[in-house]
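Participant: Residue 364 is where the sequence shown ends in the numbering used here, and the numbering goes up by one at each step.
The beta-carbon is built from N, C-alpha and C at its ideal position, and this holds for glycine as well.
Fair warning: this is a prediction, and the values are worked out from it, not measured in the lab.
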Amino acid sequence: MESLVVRGAPHEYVLEEGILSSLETKLKARGFHHVLVVHGDASWKAAERFWPEFTAVEATYWQYNGICSQNQMDQLAAVVQSGEYDAIVGVGGGKLLDLVKGGAYQTKRPYVLVPTLASNCAPWTPLAAVYTDEGTYTHYDVYPENASLLLLEPRLLLTAPKELFVAGIGDTLAKWYEADVQLGSMDEKSPALEVAYYTAKLCRDILLDKSDEALHAFDIGEVSTAFCKVAETIIMLGGMVGGFGDQYGRIAGAHSIHNGLTVLAETHDILHGDKVAYGILVQLALEEKWHEIEALRPFYEKVGLPYSLTQLGISLQADLRSVAEKATVAEESIHVMPFPVSADAVLTAIKKLEEKNEGLQAGM
1 MESLVVRGAP HEYVLEEGIL SSLETKLKAR GFHHVLVVHG DASWKAAERF WPEFTAVEAT
61 YWQYNGICSQ NQMDQLAAVV QSGEYDAIVG VGGGKLLDLV KGGAYQTKRP YVLVPTLASN
121 CAPWTPLAAV YTDEGTYTHY DVYPENASLL LLEPRLLLTA PKELFVAGIG DTLAKWYEAD
181 VQLGSMDEKS PALEVAYYTA KLCRDILLDK SDEALHAFDI GEVSTAFCKV AETIIMLGGM
241 VGGFGDQYGR IAGAHSIHNG LTVLAETHDI LHGDKVAYGI LVQLALEEKW HEIEALRPFY
301 EKVGLPYSLT QLGISLQADL RSVAEKATVA EESIHVMPFP VSADAVLTAI KKLEEKNEGL
361 QAGM
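(1) In this structure, does DSSP put Glu292 in helix, strand or coil?
(2) Would Trp91 and Ala59 qualify as a contact pair, given that the criterion is a beta-carbon distance under 8 Å?
(3) Taking the CB atoms as reference points, tell me whether Ser256 and Ala327 lie closer together than 8 Å.
(4) With H, G and I counted as helix, E and B as strand and the rest as coil, what does DSSP make of Val166?
(5) Quick check on Thr199: does DSSP put it in helix, strand or coil?
(6) Given a threshold of 16 other Cβ atoms within 10 Å of its Cβ, counted over all protein chains shown, does Ala349 qualify as buried or as exposed?
(7) What would DSSP say about Met364, mapped onto helix, strand or coil?
(8) Closest to Glu332 by C-alpha separation, out of Ala295, Ser315, His258 and Lys289, would be which residue?
(9) Compute the Euclidean distance between the alpha carbons of Tyr131 and Gln72, then round it to the nearest angstrom.
(10) If we count the other Cβ atoms within 10 Å of its Cβ and call it buried at 16 or more, is Asn146 buried or exposed?
(11) How about Val346: is its Cβ closer than 7 Å to a heavy atom in the ligand NAP?
(12) Report the rounded CA-to-CA distance for Glu12 versus Leu149, giving the unit in angstroms.
(13) Quick one: Cα of Pro115 to Cα of His139, how far?
(14) Is there contact between the stretch 214-225 and the stretch 153-172, where contact requires at least three CB pairs shorter than 8 Å?
(15) When you compare only the Cα positions, how much space is there between Ala254 and Ile334?
(16) Ordered along the chain, which non-local residues of its own chain (more than five positions away) have a Cβ less than 7 Å from that of Val303?
(17) Among Asp274, Gly102, Val57 and Ala118, whose alpha-carbon lies nearest the alpha-carbon of Ala29?
(18) Return the first residue and the last residue of the alpha helix (DSSP H) that Thr232 is part of.
(19) Closer than 6 Å by C-beta to His34: which residues in its own chain qualify, once you throw out the five before and the five after it? Chain order, please.
(20) Excluding the 5 residues flanking Arg250 on each side, which residues of the same chain have their C-beta closer than 6 Å to its C-beta?
(21) Quick check: Gly239 and Thr125, are their CB atoms within less than 8 Å of each other?
(22) How about Leu113 and Leu97: do their beta carbons lie closer than 8 Å?
(23) Spatial neighbours of Asp319 within its chain, please: CB distance less than 8 Å, with the 5 preceding and 5 following residues excluded, ordered by chain position.
(24) Does the stretch 193-202 touch the stretch 267-286, meaning 3 or more C-beta pairs lie closer than 8 Å?
(25) Throw me the rounded Cβ distance for the Tyr307 and Leu281 pair, which I believe falls under 8 Å.
(26) Just list the residues that DSSP pairs Glu58 with in beta bridges.
(27) Figure out for me which residue from Glu17, Gln70, Glu292 and Ser342 has the closest Cα to the Cα of Asp141.
(28) When you compare the CB of Leu281 with every CB in chain B, is at least one pair closer than 8 Å?
(29) Where do the ends of the beta strand (DSSP E) carrying Tyr307 lie?
(30) In three-state terms, what does DSSP make of His258?
(31) Tell me, please, whether the stretch 286-297 touches the stretch 349-358 by the rule of three or more beta-carbon pairs shorter than 8 Å.
(32) When we look at the beta-carbon of Met364 and count the other beta-carbons within 10 Å, is it buried (16 or more) or exposed?
(33) Can you find the residues in the same chain that come closer than 6 Å, C-beta to C-beta, to Ala77, ignoring five residues on each side of it along the sequence?
(34) Report, in whole angstroms, the separation of the C-beta atoms of Arg155 and Phe50, which I expect to be a contact under 8 Å.
(35) Cα-Cα, which of Thr55, Val80 and Gly93 is closest to Asp41?
(36) From what residue to what residue does the alpha helix (DSSP H) around Thr125 run?
Dropping the structure here:
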């Protein structure tokens with residue numbers, strides 16, 4: 001077994017209504033007196049009414065272009081270095097937070113994260129998914145430092161579109177299936193891997209049990225216990241799977257399918273978690289676990305996760321060969337599966353999955 005590196009958690013983490021009122025105090029406690037606040041357009045509109053007025057910390061605000069690319073990281077690093085900031089504060093979704101991690105690494109600055117939505121574990125992990133400027137996935141980087149501070153304001157998370165929360169459920173559900181395919185067959189696991197494996201199962205169990213109730217919070221516009229529990233499952237528990245499991249608890253087939261789908265221009269506006277949710281089903285098809293696919297179908301339907309290419313908005317006449325080839329390039333995580341996976345195998349799995357979906361639809 002390869003060596004294991006544990007990157008368990010941010011240095012400090014709090015979920016609490018009104019927590020942003022203590023942001024300046026927490027920045028000062030860390031010796032941060034001049035910070036660069038990186039944000040998006042929509043994310044800042046959501047966060048602004050929760051944002052505190054700083055009196056002792058000087059903040060400069062910088063808006064990113066909506067993508068986490070190497071070029072955008074370089075631009076951010078140049079801004080940080082020219083301004084001699086003590087730290088970077090990221091306010092936004094997963095791509096923005098990943099960008100902040102990359103910029104912080106390049107400039108050797110600490111970073112603080114304030115997520116505006118619960119759609120993935122990006123706030124928890126020192127990892128960034130990197131794309132081209134056009135939106136095609138290229139690779140992910142793992143950095144040596146976790147966030148110095150992570151603050152979750154649940155009322156802010158609830159202002160995000162409901163479909164982003166649903167996508168987060170899909171992305172986090174993959175934690176179990178992608179960890180199980182690696183860790184499930186291990187006879188002896190280190191304590192860190194036991195934590196990762198248990199946490200991955202906990203992700204699945206909580207999501208299957210509480211997601212429907214958590215989604216009701218969006219309908220009534222009120223924070224609930226179930227909403228907070230699922231939000232923390234997406235962000236904290238999801239992050240812990242990879243944080244303790246390292247390469248054995250991060251990604252496998254489902255995320256490779258996501259990455260393969262990014263070669264299709266029509267998928268660039270499809271949410272990450274929706275593509276990953278579909279990727280779970282393709283991974284299970286590769287494993288010939290059709291019973292598990294059928295067991296998941298009612299859950300997908302209930303919460304609104306896509307279980308077919310059609311539901312993703314992808315034509316069956318699309319270049320699926322290119323998708324399969326991208327998903328199986330040598331560096332892809334699909335190759336951690338306990339059997340060889342070729343582009344032909346992926347293409348066959350996708351077609352079989354679509355045939356099964358058509359059969360189930362016809363039988364309804």
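Facilitator: Let me spell this out:
(1) Here the question's residue 292 lines up with position 292 in the sequence shown. Glu292 falls in the helix class under three-state DSSP.
(2) The sequence position of residue 91 within the sequence shown is 91, counting from 1. The sequence position of residue 59 within the sequence shown is 59, counting from 1. Residue 91 is actually Val in this sequence, not Trp. Their beta carbons are not under 8 Å apart, which means Val91 does not touch Ala59 by this criterion.
(3) Within the sequence shown, residue 256 is the residue found at index 256, counting from 1. Within the sequence shown, residue 327 is the residue found at index 327, counting from 1. Closer than 8 Å, so yes.
(4) As a working mapping, residue 166 is identified with position 166 in the sequence shown. If DSSP states are grouped into helix, strand and coil, Val166 belongs with the helices.
(5) Position 199 of the sequence shown, counted from the first residue, corresponds to residue 199. Reduced to three states, the DSSP call for Thr199 is helix.
(6) As a working mapping, residue 349 is identified with position 349 in the sequence shown. That one is buried.
(7) To locate residue 364, count along the sequence shown from 1; it is residue 364. Note on Met364: pLDDT 47, under 50, position unreliable in the model; no value is reported.
(8) Residue numbering aside, residue 332 sits at position 332 when the sequence shown is read from its first letter. Residue His258 is the option with its Cα nearest to Glu332.
(9) Along the sequence shown, read from residue 1 onward, the residue named residue 131 stands at position 131. Along the sequence shown, read from residue 1 onward, the residue named residue 72 stands at position 72. Approximately 10 Å between the Cα atoms of the pair.
(10) As a first step, residue 146 must be located in the sequence shown, where it is residue number 146. Classification for Asn146: buried.
(11) The model depicted lacks the ligand NAP and carries no ligand whatsoever.
(12) Numbered from its first residue, the sequence shown carries residue 12 at position 12. Numbered from its first residue, the sequence shown carries residue 149 at position 149. Looking at the two C-alpha atoms, the distance is approximately 5 Å.
(13) Your numbering for residue 115 matches position 115 in the sequence shown. Your numbering for residue 139 matches position 139 in the sequence shown. The straight-line gap from Cα to Cα measures roughly 22 Å.
(14) yes
(15) Here residue 254 refers to the residue found at position 254 when the sequence shown is read from its first residue. Here residue 334 refers to the residue found at position 334 when the sequence shown is read from its first residue. When rounded, the separation of the alpha-carbon atoms in Ala254 and Ile334 is 8 Å.
(16) Stepping through the sequence shown from its first residue, residue 303 is reached at position 303. Answer for Val303: Val166, Ile169, Ser211, Asp212 and Leu215, listed in chain order.
(17) As a position in the sequence shown, residue 29 is number 29, starting the count at 1. Check the Cα spacing between Ala29 and each of Asp274, Gly102, Val57 and Ala118: the tightest is with Val57.
(18) The residue you call residue 232 lines up with position 232 of the sequence shown. The amino acid at residue 232 is misidentified as Thr; the sequence shows Glu. Thr225 to Glu232 is the extent of the alpha helix (DSSP H) around Glu232.
(19) Reading the sequence shown from its first residue, position 34 is the one you call residue 34. For His34, where only same-chain residues beyond five positions count, the Cβ hits under 6 Å are Glu58, Tyr85 and Asp86.
(20) Here residue 250 is taken as the residue at index 250 of the sequence shown, counted from 1. Within the same chain, Arg250 has close Cβ partners Gly242.
(21) Within the sequence shown, the letter at position 239 stands for residue 239. Within the sequence shown, the letter at position 125 stands for residue 125. For Gly239 and Thr125, yes; Cβs fall inside 8 Å.
(22) For the purposes of this step, residue 113 is taken as residue 113 along the sequence shown, with counting starting at 1. For the purposes of this step, residue 97 is taken as residue 97 along the sequence shown, with counting starting at 1. For Leu113 and Leu97, yes; Cβs fall inside 8 Å.
(23) Residue mapping note: residue 319 aligns to position 319 of the sequence shown, counting from 1. So the qualifying residues of the chain are Val263 and Leu264.
(24) no
(25) The residue labelled residue 307 in the question sits at position 307 within the sequence shown. The residue labelled residue 281 in the question sits at position 281 within the sequence shown. That pair is a contact at about 6 Å.
(26) Your numbering for residue 58 matches position 58 in the sequence shown. Its beta-bridge partners are His34.
(27) Position 141 of the sequence shown, counted from the start, is the residue given in the question as residue 141. Checked all of Glu17, Gln70, Glu292 and Ser342; the closest Cα to Asp141 is Gln70.
(28) In the displayed structure, chain B is absent; only one protein chain is listed.
(29) The residue given as residue 307 occupies position 307 in the sequence shown. Per DSSP, Tyr307 belongs to no beta strand (DSSP E) and is neither H nor E.
(30) Stepping through the sequence shown from its first residue, residue 258 is reached at position 258. Correct three-state label for His258: helix.
(31) Yes, since at least three Cβ pairs between the stretch 286-297 and the stretch 349-358 fall closer than 8 Å, the two stretches touch.
(32) As a first step, residue 364 must be located in the sequence shown, where it is residue number 364. Confidence in Met364 is poor, its pLDDT being 47 and thus under 50, which makes the residue's placement unreliable; the coordinate value appears in the next sentence. Met364 comes out exposed.
(33) In the sequence shown, counting from the first residue as 1, residue 77 sits at position 77. Contacts found: Gly103, Gln106 and Thr107.
(34) Here residue 155 corresponds to residue number 155 of the sequence shown, with the count starting at 1. Here residue 50 corresponds to residue number 50 of the sequence shown, with the count starting at 1. Rounded, the Cβ-Cβ distance is 7 Å, consistent with contact.
(35) Your numbering for residue 41 matches position 41 in the sequence shown. Of the listed residues, the one whose Cα sits closest to Asp41 is Gly93.
(36) Position 125 of the sequence shown, counting from 1, holds the residue named residue 125. Counting along the chain, Thr125 falls outside any alpha helix (DSSP H), and DSSP gives it neither H nor E.
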